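**Student:** Residue numbers (full-length UniProt numbering): 1 to 303.
Questions regarding the structure given below will be posed in turn.
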């Protein structure tokens with residue numbers, strides 16, 4: 001597993017948790033969904049109580065806040081194929097969390113107090129909600145990259161540049177709790193459903209946020225996972241090709257379902273994205289670093 005920070009800066013905004021420069025398909029990404037990957041409450045009672053206090057304050061300011069379930073990132077592992085099968089495989093270790101706990105831990109003004117001194121990332125973040133986000137590097141048919149500018153009404157990073165994305169949703173994978181219904185007790189089937197949701201959810205996010213039809217998008221390739229340093233927020237990233245040119249993508253954006261989350265869509269070159277990264281959340285800066293690793297790997301293959 002590759003764990004390196006790609007920057008010469010001392011104040012790096014992200015950490016690459018895993019990189020797969022050539023991309024992994026649906027058959028190469030596995031999920032281990034288990035209660036053991038859920039958040040562990042902190043021993044400091046006052047710190048734990050602050051979760052409810054902060055959530056209640058947020059709800060008073062914004063009555064539309066919804067405490068939805070999210071998948072919690074609890075680490076990942078990698079293995080290479082053996083014998084005739086040389087494919088690499090990655091397994092995401094996922095538990096359950098919710099938006100309320102995310103607001104009260106990761107977005108807590110005292111978020112660093114939830115961290116444990118450890119070189120092991122899951123151990124370091126065992127007391128945080130750490131919901132798994134997702135993002136997509138979408139490349140148009142004329143080789144431009146889609147970047148959105150977030151609206152000023154969103155809860156995190158208003159006005160910042162981001163790649164299309166959001167969260168894989170437990171509800172869309174038929175998951176509400178760790179207690180499965182009688183017809184889905186087979187954990188292997190549950191893991192498979194959640195693994196498919198990793199891919200299905202990013203397609204949904206792209207369609208809803210930029211307005212292109214799903215039929216114009218290639219099947220996503222998983223290129224890695226980054227975590228922003230600020231409030232240790234993890235996100236998986238995918239590479240997706242769009243068969244439409246930039247101009248048509250721009251036109252379709254005006255009718256995007258989730259268009260209210262952003263104010264503008266840009267279709268830009270790789271060099272231009274580089275210039276925009278300073279105003280991206282750390283996890284999305286990491287997403288662009290993963291894309292650059294992919295571009296470099298493809299160059300080496302073609303040489």
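Even for Gly, the Cβ is constructed at its ideal location relative to N, Cα and C.
Note that the coordinates shown come from a computational prediction; the quantities given were computed from them, not determined experimentally.
In three-state DSSP terms, what is residue 191?
**Tutor:** Helix at residue 191.
**Student:** Give me the DSSP bridge partner(s) of residue 93.
**Tutor:** The partner list for residue 93 (beta bridge, DSSP) reads 32.
**Student:** Indicate the three-state DSSP secondary structure (helix, strand or coil) for residue 263 in the structure shown.
**Tutor:** Looking at residue 263 - three-state DSSP - the assignment turns out to be strand.
**Student:** Cβ atoms of residue 143 and residue 44: under 9 Å apart, would you say?
**Tutor:** It is not a contact, given that the beta carbons lie outside the stated cut-off.
**Student:** Check residue 84 in the structure and name its three-state DSSP category.
**Tutor:** Any answer about residue 84 is weak, because its pLDDT of 47 lies below 50 and its placement is not dependable; what the coordinates show is given next. In this structure, residue 84 counts as coil in the three-state DSSP scheme.
**Student:** Quick check on the DSSP output: the alpha helix (DSSP H) that includes residue 246 runs from which residue to which?
**Tutor:** Run containing residue 246: 246-253, per the alpha helix (DSSP H) assignment.
**Student:** Smallest Cα separation from residue 90: which of 172, 146, 291 and 23?
**Tutor:** Of 172, 146, 291 and 23, the residue nearest in Cα terms is 23.
**Student:** Helix, strand or coil for residue 258? Go by DSSP, reduced to three states.
**Tutor:** DSSP places residue 258 in coil when its eight states are reduced to three.
**Student:** Which whole runs of the beta strand (DSSP E) in the segment 132-175 are 3 residues long or more, in chain order?
**Tutor:** Here the runs fully enclosed are 133-139 and 145-150.
**Student:** Is the segment 101-118 touching the segment 197-212 in the sense that three or more CB pairs, one from each, lie closer than 8 Å?
**Tutor:** The segment 197-212 is not in contact with the segment 101-118.
**Student:** Quick one: grab the DSSP three-state call for residue 13.
**Tutor:** Coil.
**Student:** Does the segment 12-31 touch the segment 50-63, meaning 3 or more C-beta pairs lie closer than 8 Å?
**Tutor:** Verdict: no, contact absent.
**Student:** Provide the residue(s) that pair with residue 213 in DSSP beta bridges, ordered along the chain.
**Tutor:** Residue 213 pairs with nothing; no bridge assigned.
**Student:** Can you give me the C-alpha to C-alpha distance between residue 157 and residue 150, rounded to a whole angstrom?
**Tutor:** Cα-Cα distance, rounded: 7 Å.
**Student:** On the criterion of 16 or more Cβ atoms from any shown chain inside 10 Å, does residue 130 qualify as buried, or is it exposed?
**Tutor:** That one is buried.
**Student:** Taking buried to mean at least 16 other C-beta atoms within 10 Å of its own C-beta, is residue 79 buried or exposed?
**Tutor:** Label assigned to residue 79: exposed.
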